[in-house]
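*Asks:* I'd like to ask some things about the structure below.
Protein chains: 2
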Amino acid sequence: MKLLFASANQGKVREVFKIFGDLNFELCSLVDFIDLKNLDLEETGSTFKENAFLKAKFFADKTNLQAFSDDSGLVIEALEGFPGIISGRWLRGTDADRNRGILSKLKNESNRAAAFVTTVCLYNPHDQQTHYFEGKVEGEIAMQSSGDAGFGYDPIFIPEGYKKTFGELGLKVKNKLSHRSRALEKLKKYLMRY
Amino acid sequence: MKLLFASANQGKVREVFKIFGDLNFELCSLVDFIDLKNLDLEETGSTFKENAFLKAKFFADKTNLQAFSDDSGLVIEALEGFPGIISGRWLRGTDADRNRGILSKLKNESNRAAAFVTTVCLYNPHDQQTHYFEGKVEGEIAMQSSGDAGFGYDPIFIPEGYKKTFGELGLKVKNKLSHRSRALEKLKKYLMRY
């Protein structure tokens, strides 16, 4: 069976293919659809769940394939949940720009508690069945950016129980314990019933 | 003394000039600065307060005038505070598009409690003094859009104690009780000491 991961984000696609490599599905992503990968789908949801659903449904309907999508973000306690659903867009520019922006906002802040959260939505365009899978990893925001593994906020996020950032720990460790991998493992377990 | 209202939003400028008409200041807005009014200042704050400060400081520094700016938004209880600081940008398009979007999100929702909130920041580029003034009006989201007075979410917001939206009640009523006017009245009182 063919299954579409509705993302063209290289960092995410790498993570997902690593986790799903041993599954009995023919996995593809938006990278394989030249006409879809540059489609600008606006994230108008008010929650991660709603945004994950919007993306999965949109690309499932376009391709007529069962599709899944994730919406993820960083939730910082001292900033009342910011950047949350606007993690990828509160500041234009690169991941590094956004990391600098967060570090600057927390410059004089001792409470550095944060969590990475993900909601994955699986949508079947044939029967409109929709399933959600959630993942979360608690941690804290580092004092400075370190490491170049992963993407997004990985260089400034230290998962609970570790002393290094996801950027330093590398993809292998990250895939074992990250928010996204936790949600994706639940999805994988669900799909393995087929 | 010259005072700059750091906004080029016609709806806001109209409201502000009405409220400040009787003040002993020479009031101008970004509408009067051809080279400034199309400057695209990104709202990277995590709160209304931070965004109001960023705007006031930016344009005060550019013009060397004492400047004030407001950041406002709609906070909907059933949507956990959404759209909040992204009220003006969570969906591209017109005010009417965003109003339709909110009504659609609340389609099957009985809890329609909402509040309009504003933070005004006054910034003096000569001594870097900064003052904040807050305003809030509680109310609820209407079942449908009504009225064409005001701008933004006015056609779908019914202030507490009324049965009509700000869009129907008109600028005179709105300026008496709105979030923005409450914050601006506090600023006005402060300025009148001069």
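Keeping their order, the protein sequence lines are chains S and F.
Residues in the first sequence are numbered from 427 upward in steps of one, following this note's numbering.
Residues in the second sequence are numbered from 427 upward in steps of one, following this note's numbering.
Even glycine gets a Cβ: it sits at the ideal position worked out from N, Cα and C.
1) Could you give the DSSP three-state label for L429 of chain F: helix, strand or coil?
2) Chain S beta carbons: is any one of them nearer than 8 Å to that of I582 of chain F?
3) With 16 as the cutoff for other CB atoms within 10 Å, does N477 of chain S come out buried or exposed?
4) Taking F559 of chain F and L613 of chain F to be in contact with their CB atoms under 8 Å, please state how far apart those CB atoms are, rounded to whole angstroms.
5) Interface residues of chain S around E535 of chain F at Cβ under 9 Å?
6) Run down chain F in chain order and give the residues with a C-beta less than 7 Å from the C-beta of R621 of chain S.
7) Alpha carbon to alpha carbon, how far is G447 of chain F from Y579 of chain S? Give it in angstroms, no decimals.
8) Could you please tell me which residues of the segment 511-522 of chain F, in chain order, have their CB closer than 7 Å to any CB of chain S?
9) So, helix, strand or coil for I582 of chain S, using DSSP?
10) Drop a sphere of 10 angstroms on the beta-carbon of H605 of chain F, count the other beta-carbons inside from all chains shown, and report buried for 16 or more, exposed for fewer.
11) Closest Cβ-Cβ distance between F508 of chain S and chain C: below 8 Å?
12) Using CA atoms only, rank isn't needed, just tell me which of S:I567, S:R538, S:L500, S:F443 is closest to F474 of chain S.
13) What first and last residue would you give for the beta strand (DSSP E) that runs through G661 of chain F?
14) Measuring only between beta-carbons, confirm whether E441 of chain S sits less than 8 Å from chain F.
15) Decide if E441 of chain F is buried, meaning its Cβ has at least 16 other Cβ atoms within 10 Å, or exposed.
16) In the DSSP assignment, the alpha helix (DSSP H) including T489 of chain S goes from what residue to what residue?
17) Using a C-beta cutoff of 8 Å, does K483 of chain S count as contacting chain F?
18) Leaving out five residues before and five after L597 of chain S in sequence, what residues of the same chain have Cβ atoms less than 8 Å from its Cβ?
19) Mapping the DSSP letters down to three states, classify S625 of chain F as helix, strand or coil.
20) With DSSP run on the structure shown, which of helix, strand or coil describes Q492 of chain F?
21) Taking the CB atoms as reference points, tell me whether I631 of chain F and E566 of chain F lie closer together than 8 Å.
22) For F479 of chain S versus A432 of chain S, is the C-beta distance shorter than 8 Å?
23) Where does Q555 of chain S land, buried or exposed, given buried means 16+ other C-beta within 10 angstroms?
24) CB-CB under 8 Å to D523 of chain S, same chain, minus the five flanking residues each way: which ones, in chain order?
25) Classify Q492 of chain S: buried if its beta carbon has 16 or more other beta carbons within 10 angstroms, exposed otherwise.
26) Select from S:A434, S:R526, S:A482 the residue whose C-alpha is nearest the C-alpha of D461 of chain S.
27) Among F:A568, F:K488, F:F459, F:N450, whose alpha-carbon lies nearest the alpha-carbon of N550 of chain F?
*Replies:* Taking the coordinates as given:
1) Here L429 of chain F sits in strand by DSSP.
2) Chain S, which has no Cβ nearer than 8 Å to the Cβ of I582 of chain F, makes this no.
3) N477 of chain S should be labelled buried.
4) The C-beta distance from F559 of chain F to L613 of chain F rounds to 5 Å, short enough to meet the 8 Å contact threshold.
5) Simply none; closest approach about 11 Å.
6) The structure shown does not extend to residue 621 of chain S, since chain S is modelled only from 427 to 620, so the question has no answer here.
7) Distance from the CA of Y579 of chain S to the CA of G447 of chain F, rounded to the nearest whole angstrom, comes to 48 Å.
8) Per Cβ criterion, the list reads I512, W516, L517, R518.
9) Note: I582 of chain S maps to helix in three-state DSSP.
10) Burial check for H605 of chain F: the Cβ neighbour count within 10 Å reaches 16 or more, so the residue is buried.
11) No chain C appears in this structure, whose protein chains are S and F.
12) For F474 of chain S, the closest alpha carbon among the candidates S:I567, S:R538, S:L500, S:F443 is that of S:L500.
13) The question about residue 661 of chain F has no answer, for chain F in this structure spans 427 to 620.
14) For E441 of chain S, not one C-beta of chain F is nearer than 8 Å to its own C-beta.
15) Only buried fits E441 of chain F, as 16 or more other CB atoms lie within 10 angstroms of its CB.
16) That run of the alpha helix (DSSP H) goes 474-489.
17) Proximity of K483 of chain S to chain F, defined by a Cβ-Cβ separation below 8 Å, is not satisfied.
18) Once the five neighbours on either side are set aside, the close Cβ partners of L597 of chain S are R440, E441, K444, A575, G576.
19) Residue numbering for chain F in the displayed model covers 427 to 620; residue 625 of chain F lies beyond these limits and cannot be assessed.
20) Annotated three-state conformation of Q492 of chain F is strand, per DSSP.
21) Past the boundaries of the shown model lies residue 631 of chain F; chain F is included only from 427 to 620, so the question cannot be answered.
22) No.
23) Exposed is the call here.
24) Excluding positions up to five away in sequence, the list reads L517.
25) Residue environment: Q492 of chain S is assigned as buried (16 or more neighbouring CB atoms within 10 Å of its CB, all protein chains considered).
26) Ranking S:A434, S:R526, S:A482 by Cα distance to D461 of chain S puts S:A434 first.
27) Ranked by Cα distance from N550 of chain F, the first of F:A568, F:K488, F:F459, F:N450 is F:K488.
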